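Below is one structure, written out as structure tokens; comments come after it.
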Amino acid sequence: DIAARNIQGLRDIARFTPGFSFENFTGPLAAPIIRGQTQTRVDLPVQNVASFFNGVYLQRGYMIDASLLDVERVEVIKGPQSALYGRNAFSGAINYISKKPGDRLEASASATVGSDERRELKGSISGPLADWLGVSLAIGTSEFDGTWKNNHPLAAQGTGTRDNVGGHENEAALVGLTIRPLDGLTFDAAFSWSNLDVEHQPAYTVSVPGLLSTVNTLNCSPLPGLNATTGAPVGAPQNRLFCGELRPQPTLVGSELSGPLARPAGVVIDPRAYSQRGTSRLGSFKATWDVTEQISLNYLGGWTDTNVQSRGSPARNSLVSAVVQPPFFAPGVPNPFFPINGFTGFDAQPNGGFTSRSHELRVEWRPGGLVRRAMLGGFVSRARDDLSQWSAWGPPNSLAEPSQFFTLGNNTRRDDVSSYFGLVTLDVTPQLSVTGEVRYTKEELTLQVRTSSVVPVPTAFNASAPIVRVQEADFDYTTPRVAVDYKLTDQNLLYVSGGKGVKSGGQNVPGRDPLQDIYDPEENWTIEL
Numbered sequence: 412d413i414a415a416r417n418i419q420g421l422r423d424i425a426r427f428t429p430g431f432s433f434e435n436f437t438g439p440l441a442a443p444i445i446r447g448q449t450q451t452r453v454d455l456p457v458q459n460v461a462s463f464f465n466g467v468y469l470q471r472g473y474m475i476d477a478s479l480l481d482v483e484r485v486e487v488i489k490g491p492q493s494a495l496y497g498r499n500a501f502s503g504a505i506n507y508i509s510k511k512p513g514d515r516l517e518a519s520a521s522a523t524v525g526s527d528e529r530r531e532l533k534g535s536i537s538g539p540l541a542d543w544l545g546v547s548l549a550i551g552t553s554e555f556d557g558t559w560k561n562n563h564p565l566a567a568q569g570t571g572t573r574d575n576v577g578g579h580e581n582e583a584a585l586v587g588l589t590i591r592p593l594d595g596l597t598f599d600a601a602f603s604w605s606n607l608d609v610e611h612q613p614a615y616t617v618s619v620p621g622l623l624s625t626v627n628t629l630n631c632s633p634l635p636g637l638n639a640t641t642g643a644p645v646g647a648p649q650n651r652l653f654c655g656e657l658r659p660q661p662t663l664v665g666s667e668l669s670g671p672l673a674r675p676a677g678v679v680i681d682p683r684a685y686s687q688r689g690t691s692r693l694g695s696f697k698a699t700w701d702v703t704e705q706i707s708l709n710y711l712g713g714w715t716d717t718n719v720q721s722r723g724s725p726a727r728n729s730l731v732s733a734v735v736q737p738p739f740f741a742p743g744v745p746n747p748f749f750p751i752n753g754f755t756g757f758d759a760q761p762n763g764g765f766t767s768r769s770h771e772l773r774v775e776w777r778p779g780g781l782v783r784r785a786m787l788g789g790f791v792s793r794a795r796d797d798l799s800q801w802s803a804w805g806p807p808n809s810l811a812e813p814s815q816f817f818t819l820g821n822n823t824r825r826d827d828v829s830s831y832f833g834l835v836t837l838d839v840t841p842q843l844s845v846t847g848e849v850r851y852t853k854e855e856l857t858l859q860v861r862t863s864s865v866v867p868v869p870t871a872f873n874a875s876a877p878i879v880r881v882q883e884a885d886f887d888y889t890t891p892r893v894a895v896d897y898k899l900t901d902q903n904l905l906y907v908s909g910g911k912g913v914k915s916g917g918q919n920v921p922g923r924d925p926l927q928d929i930y931d932p933e934e935n936w937t938i939e940l
């Protein structure tokens, strides 16, 4: 089905999956959505939907839209799955299952050529090297220039975009290994590597006048303009809200129409901006031992190592430089942004790297009769997220790289998680079955806040910056789930299920109110008939 429907990623999966959508406005902050439970904060590190690679948790948004290279299937499971899948399967779960090497030699190759410089090559080979050993290898490369016209004068000269925006240049590889040294004992390992270079998405800004906009492009709820330093009203009233339909193309107003501040129509993205650049490495190792015909012992190990950088273009008109002067700062007050006067601004978040290690051990019992299946297991993981946010400033209407950088955030998050879970399915009658699941989870979260300062060269993360504050938070919770199935006929099933979902709590970077430094986990109950 994946091949026949030309499914390239999660956005295509969402087109064929009722109740599931995928928002990839910008790669690092991509958000899968099940049954309308959207992110209330787009840059929150934790997603409402938990995503997995061969059962290994992918903990950040920039990891989840994985390459569908040599994938056997993609599972989209709706409703809270915290009892079986673990933390943050708040509204559901996505699981990529890679193909295992088969018992015969198989090979495939494909090429795609299309408009807007669409080029794609894929190839795979798998098969047995011995009765007990199978291997597989898949590689692919894909490039595309996007379909939205970029009206920036230098768009055709940029290193990424070539007149258009929304394209990409991606590479991926997948290696699989299956070993069966003894009857009843199987080892499966998979390693996925991907390198992403994704262009800025087509977008434009609506806002009040400020550093990145010379006009007020909002259209209702006028309030007096405010002095940024004193808060006193200044100048003519400024709109504070947008009412009505946001159009696909911006409506030009005021000084944007003509003169030195004129803005080209349509989408105008600085060609130095990009949505996401980075490399992801994912590994899974699974061992299955069939101790008897009814009892099996299973181990799952996971490893992730990723890095990401982004450089947004939020200016309303990226051809116009920023001007920082009163009323933004009162006369006589030192202006910390003086070096950026006359420059074009870029924002950058997230930037950094994420690493994690996880281990899961479970024993399953399938005796038949009343007890169809019973399972007990335990899970531990440790993760480190080095994250920085900064703004970059460079000469306007130029291809010169930014030369001024201001770090806005420079933090390390450490998560230590352990949990214990169990499941039992009872076949009460040939038509009626009952399943109960429960999981207990304990989280130990640490946030290390480092100093933020001007840096001469942009870095994904400044590990040498001193730690100025440490915040710790511990949470524990239990997530149950119960399902009852009744077979009306061989073709009709009646079921009811109830489950609790929990989304991790955490720490805000310290602000003005210490009471808001820590936020508790979110919870939901879902009943489905």
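Take the sequence shown: its letter number 342 is residue 753 in this note's numbering, and every next letter is one higher.
By construction, the Cβ of each residue, glycine as well, lies at the ideal position given by its N, Cα and C atoms.
Remember, predicted model here, so these are calculated numbers, not experimental data.
**Prompt:** Should residue 414 go down as buried or exposed, given a rule of 16 or more other Cβ atoms within 10 Å for buried?
**Reply:** Locating residue 414 in the sequence shown gives position 3, where the first residue counts as 1. Looking at its Cβ environment, which holds fewer than 16 other Cβ atoms inside 10 Å, residue 414 is exposed.
Notebook entry, point to check: Using the beta-carbon count (16 or more within 10 Å), is residue 753 buried or exposed?
Noted result: As a position in the sequence shown, residue 753 is number 342, starting the count at 1. Residue 753 comes out exposed.
field: As assigned by DSSP and simplified to three states, the class of residue 567
entry: The residue you call residue 567 lines up with position 156 of the sequence shown. Residue state, collapsed to three classes: helix.
Where residue 720 sits in the DSSP three-state scheme: Position 309 of the sequence shown, counted from the start, is the residue given in the question as residue 720. Of the three classes helix, strand and coil, the one that applies to residue 720 here is strand, per DSSP.
Less than 8 Å between the CB atoms is what I'm expecting for residue 762 and residue 721, so what's the real figure, rounded? For the purposes of this step, residue 762 is taken as the residue at position 351 of the sequence shown. For the purposes of this step, residue 721 is taken as the residue at position 310 of the sequence shown. So it is a contact: roughly 7 Å between Cβ atoms.
Between residue 804 and residue 818, how many whole angstroms is the CB-CB distance? I'm expecting something under 8 Å.
Along the sequence shown, read from residue 1 onward, the residue named residue 804 stands at position 393. Along the sequence shown, read from residue 1 onward, the residue named residue 818 stands at position 407. At roughly 13 Å, the Cβ-Cβ gap does not stay under 8 Å, so residue 804 and residue 818 are not in contact.
Exercise. How about residue 435: is its Cβ closer than 7 Å to a heavy atom in the ligand COA?
Worked result: This structure simply doesn't include the ligand COA, nor any ligand for that matter.
**Beta-carbon spacing of residue 908, residue 939 below 8 Å** = The residue given as residue 908 occupies position 497 in the sequence shown. The residue given as residue 939 occupies position 528 in the sequence shown. Yes. Within cutoff.
Return helix, strand or coil for residue 426, following the three-state DSSP convention. Residue mapping note: residue 426 aligns to position 15 of the sequence shown, counting from 1. For residue 426, the three-state secondary structure derived from DSSP is helix.
Review point. With a CB to CB cut of under 7 Å and the five nearest residues on each side skipped, what residues in its chain are close to residue 632?
Key: Stepping through the sequence shown from its first residue, residue 632 is reached at position 221. Closer than 7 Å at Cβ, skipping near neighbours: 650, 651 and 652.
Original post:
How would you call residue 440, buried or exposed, if buried means at least 16 neighbouring beta carbons within 10 angstroms?
Top reply: The residue labelled residue 440 in the question sits at position 29 within the sequence shown. Burial call: buried.
Margin query: For residue 844, would you say it is in contact with chain B, using Cβ-to-Cβ distances shorter than 8 Å as the test?
Written below: Checking the listed chains, one finds no chain B in this structure; it contains a single protein chain.
Discussion item. Looking at residue 435: is its Cβ nearer than 8 Å to the Cβ of residue 422?
Written reply: On the sequence shown, residue 435 is found 24 positions in, with the first residue counted as 1. On the sequence shown, residue 422 is found 11 positions in, with the first residue counted as 1. Contact flag set, yes.
Can you tell me whether DSSP reads residue 537 as helix, strand or coil? Here the question's residue 537 lines up with position 126 in the sequence shown. Note: residue 537 maps to strand in three-state DSSP.
Notebook entry, point to check: Does the separation of the CB atoms of residue 366 and residue 513 fall below 8 Å?
Noted result: The structure shown has nothing for residue 366, since the chain only spans 412 to 940.
Which partner residues of residue 473 appear in the DSSP bridge assignment? In the sequence shown, counting from the first residue as 1, residue 473 sits at position 62. Under DSSP, residue 473 forms no beta bridge with any residue.
By DSSP's criteria, residue 518 is part of a beta bridge. Which residues make up the other side? Within the sequence shown, the letter at position 107 stands for residue 518. In the DSSP assignment, residue 518 forms a beta bridge with 536.
> Distance, Cα to Cα, residue 912 vs residue 829?
Replying inline: As a first step, residue 912 must be located in the sequence shown, where it is residue number 501. As a first step, residue 829 must be located in the sequence shown, where it is residue number 418. Cα to Cα, residue 912 sits roughly 17 Å from residue 829.
Exercise. Where residue 427 and residue 416 are concerned, what is the direct C-alpha to C-alpha distance, given to the nearest angstrom?
Worked result: Position 16 of the sequence shown holds residue 427. Position 5 of the sequence shown holds residue 416. Rounded to whole angstroms, residue 427 to residue 416 spans 9 Å at the Cα level.
Item to complete: Output the boundary residues of the beta strand (DSSP E) element that contains residue 888.
Response: Translated into positions along the sequence shown, residue 888 becomes position 477. Start and end: 878-900.
field: Beta-carbon contacts of residue 784 that lie in its chain and below 6 Å, excluding the five residues immediately before and after
entry: Taking the sequence shown and counting its residues from 1, one reaches residue 784 at position 373. If we look at residue 784 and ignore the five residues flanking it on each side, its Cβ neighbours are 777 and 836.
| message | I'd like the span of the alpha helix (DSSP H) that includes residue 666, first residue to last. | response | Along the sequence shown, read from residue 1 onward, the residue named residue 666 stands at position 255. Unbroken run through residue 666: none, as it is neither H nor E.
Can at least three beta-carbon pairs, one atom from the stretch 889-897 and one from the stretch 841-859, be found at a separation below 8 Å? yes
With a threshold of 8 Å, are at least 3 pairs of Cβ atoms found where one atom belongs to the stretch 521-529 and the other to the stretch 489-508? no
* What do you get for residue 496, buried or exposed, if any count of 16 or more other CB atoms within 10 angstroms of its CB means buried? -> As a position in the sequence shown, residue 496 is number 85, starting the count at 1. Buried is the call here.
Taking its Cβ as the centre, do 16 or more other Cβ atoms sit within 10 Å of residue 715, making it buried, or is it exposed? Taking the first residue of the sequence shown as 1, we reach residue 715 at position 304. Answer is buried; the Cβ neighbour count reaches 16.
Taking Cβ positions, are residue 499 and residue 695 nearer each other than 8 Å? In the sequence shown, residue 499 corresponds to position 88, counting from 1. In the sequence shown, residue 695 corresponds to position 284, counting from 1. Not a contact, by the Cβ cut-off of 8 Å.
Margin query: Taking the beta strand (DSSP E) that residue 851 belongs to, which residues open and close that run?
Written below: Taking the first residue of the sequence shown as position 1, residue 851 is located at position 440. It spans 843-861 - the beta strand (DSSP E) in which residue 851 sits, taken as one unbroken run.
Short Cβ contact (8 Å threshold) for residue 490 with residue 910: By 1-based counting over the sequence shown, the position of residue 490 is 79. By 1-based counting over the sequence shown, the position of residue 910 is 499. Taking 8 Å as the Cβ cut-off, residue 490 and residue 910 qualify as a contacting pair.
| task | Provide the residue(s) that pair with residue 602 in DSSP beta bridges, ordered along the chain. | result | Indexing the sequence shown from 1 puts residue 602 at position 191. In DSSP, residue 602 forms a bridge with 586 and 694.
First through last residue of the alpha helix (DSSP H) which encompasses residue 495:
Numbered from 1 along the sequence shown, position 84 holds the residue referred to as residue 495. From DSSP, the alpha helix (DSSP H) with residue 495 extends over 493-496.
Item to check | Contacting residues, own chain, Cβ-Cβ under 6 Å from residue 462 (five flanking each side not counted) | outcome: Indexing the sequence shown from 1 puts residue 462 at position 51. Contacts found: 469, 475 and 505.
Which of the three DSSP states is assigned to residue 751 in this structure? Walking along the sequence shown from the start, residue 751 turns up at place 340. Three-state result, residue 751: helix.
### Message
Could you give the first and the last residue of the continuous beta strand (DSSP E) run that contains residue 445?
### Response
Looking up residue 445 in the sequence shown gives position 34. It spans 442-445 - the beta strand (DSSP E) in which residue 445 sits, taken as one unbroken run.
* Asked: Is residue 535 closer than 8 Å to residue 548 when the C-beta atoms are compared?
  -> To locate residue 548, count along the sequence shown from 1; it is residue 137. To locate residue 535, count along the sequence shown from 1; it is residue 124. Contact check for residue 548 against residue 535 passes: the beta carbons are separated by less than 8 Å.
* Burial state of residue 751, where buried means 16 or more other Cβ atoms lie within 10 Å -> Here residue 751 refers to the residue found at position 340 when the sequence shown is read from its first residue. By the neighbour-count rule (16 or more Cβ atoms within 10 Å), residue 751 is buried.
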